[in-house]
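Taking this note's numbering, the leading residue of the sequence shown gets 667, the next gets one more, and so forth.
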Amino acid sequence: VLHIKHEKAGPVYARDIEAHSAVSIVNPDQLLFTVQDDREIGGELYVNKGRGYVEAEQHPVDRTMPVDVVRVDSIYNPVRRANFTVAETRVGQRTDYDRLTLTVETNGTISPEDAVAYAAALAQEHFRFFVDFGKVPMVAAQPAGNGGAATSRLREVLARSIDDVGLSVRSVNSLKNSNIRTLGDLVQYREEDLLKVKNVGEKALGEIAELLRREGLNFGMKFEETEDELKVVDAGAAPQAQASEGDAE
667 VLHIKHEKAG
677 PVYARDIEAH
687 SAVSIVNPDQ
697 LLFTVQDDRE
707 IGGELYVNKG
717 RGYVEAEQHP
727 VDRTMPVDVV
737 RVDSIYNPVR
747 RANFTVAETR
757 VGQRTDYDRL
767 TLTVETNGTI
777 SPEDAVAYAA
787 ALAQEHFRFF
797 VDFGKVPMVA
807 AQPAGNGGAA
817 TSRLREVLAR
827 SIDDVGLSVR
837 SVNSLKNSNI
847 RTLGDLVQYR
857 EEDLLKVKNV
867 GEKALGEIAE
877 LLRREGLNFG
887 MKFEETEDEL
897 KVVDAGAAPQ
907 AQASEGDAE
């Protein structure tokens, strides 16, 4: 939550937002609004992580928020424009080479080079599922003792913070209050156990179940870690709850 206060007539810019250790203002000259008269105003800005474009109505409303909170459309994508061209090029005497030119424009929160690197890593991660095409490529379904890439992939998935997996602010806060901070913490809970967590109801459970389905994980998983390997000793139970539609609870 960010805070902003202003006392005089005139434009109010992003630089007028009170400093916060966890947030950086990329464009301090961004005009927020204009105050017509000398008066004291104050407001709270709720900041969240996300992906892509999210309409105002799709933002969940936490019951702890004020009743007059105004939701706005959000664009989380830091890449404003991306394009590529492929042209024939010559290397020495050979003319059968192609030159790839990428044009990437961002909003300043990430460099074009980092954006391309992240996109490449994401594509590589997705294409891993085609390596064993025809088999079950899910983490939970891999037998214990696969080692190597399976262990590395599993450790990577389980280490992901629940802040970065697309859960709503309400669900993240509820889980954190019960010291559930990573996917590894989360998958050790059964569905019935999560329903006992404060502020986790059927809607939040459906949201979590959808997340685990996407990641190929189950509820109630158990692991055994050795020096070289992370084994799934109990694959748990596949998610049964369904994500609900809309914001209302």
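Backbone N, C-alpha and C define an ideal beta-carbon position, used for all residues, glycine too.
Own chain residues within Cβ distance below 8 Å of residue i, not counting five before or after
i, result
"methionine 887", "Ala806, Val853, Gln854, Val898, Asp900, Ala901, Gly902"
"glycine 832", "Gly716, Arg717, Leu877"
"valine 838", "Ile828, Asp829"
Other residues of its chain near residue i: CB distance less than 6 Å, five sequence neighbours each side excluded
i, result
"glycine 850", "Leu824"
"aspartate 762", "none"
"lysine 671", "Gly708"
"glycine 814", "Any reading at glycine 814 must be qualified, since the residue scores a pLDDT of 49, below 50, and its modelled position is unreliable; no value is offered."
As assigned by DSSP and simplified to three states, the class of residue i
i, result
"isoleucine 874", "helix"
"lysine 897", "strand"
"alanine 903", "strand"
"serine 827", "strand"
"glutamate 684", "coil"
"histidine 669", "strand"
"alanine 807", "In this prediction, alanine 807 has a pLDDT of 45, which is less than 50 and means its spatial position is unreliable; what the coordinates show is noted afterwards. Reduced to three states, the DSSP call for alanine 807 is helix."
"leucine 852", "helix"
"valine 797", "coil"
"lysine 674", "coil"
"glutamate 706", "coil"
"lysine 842", "helix"
"valine 835", "helix"
"lysine 715", "coil"
"glutamate 721", "coil"
With 16 other Cβ atoms within 10 Å as the buried cut-off, status of residue i
i, result
"serine 834", "buried"
"isoleucine 846", "buried"
"lysine 862", "exposed"
"proline 694", "exposed"
"glutamate 873", "buried"
"phenylalanine 750", "exposed"
"phenylalanine 796", "exposed"
"arginine 756", "exposed"
"arginine 836", "buried"
"glutamate 911", "Summary for glutamate 911: the model assigns pLDDT 49, below 50, so the residue's position carries little reliability; its value from the coordinates is reported in the next sentence. Label assigned to glutamate 911: exposed."
"phenylalanine 699", "exposed"
"alanine 685", "exposed"
Member of the options whose CA lies at the smallest distance from the CA of residue i
i, options, result
"proline 732", "Leu711, Phe750, Glu721, Asn749", "Leu711"
"valine 738", "Asn884, Gln724, Thr751, Val745", "Gln724"
"arginine 794", "Asn884, Ser818, Val745", "Ser818"
"arginine 747", "Ala722, Val782, Val720, Arg756", "Val782"
"glycine 774", "Tyr784, Val745, Ala785", "Val745"
"alanine 904", "Pro726, Glu895, Ala875", "Ala875"
Same chain, Cβ closer than 7 Å to residue i, five either side skipped, listed in chain order
i, result
"valine 689", "Leu668, Val713"
"serine 840", "Val863, Lys864, Asn865, Val866, Ala870"
"aspartate 931", "For the chain, the structure presents residues 667 to 915; residue 931 sits outside this window and is missing."
"aspartate 682", "Ile670, His672"
* Asked: Can you give, in chain order, each stretch of the alpha helix (DSSP H) that sits fully within the stretch 732–784 and has at least 4 residues?
  -> Runs of the alpha helix (DSSP H) spanning 4 or more residues and lying entirely within the stretch 732–784 do not occur at all.
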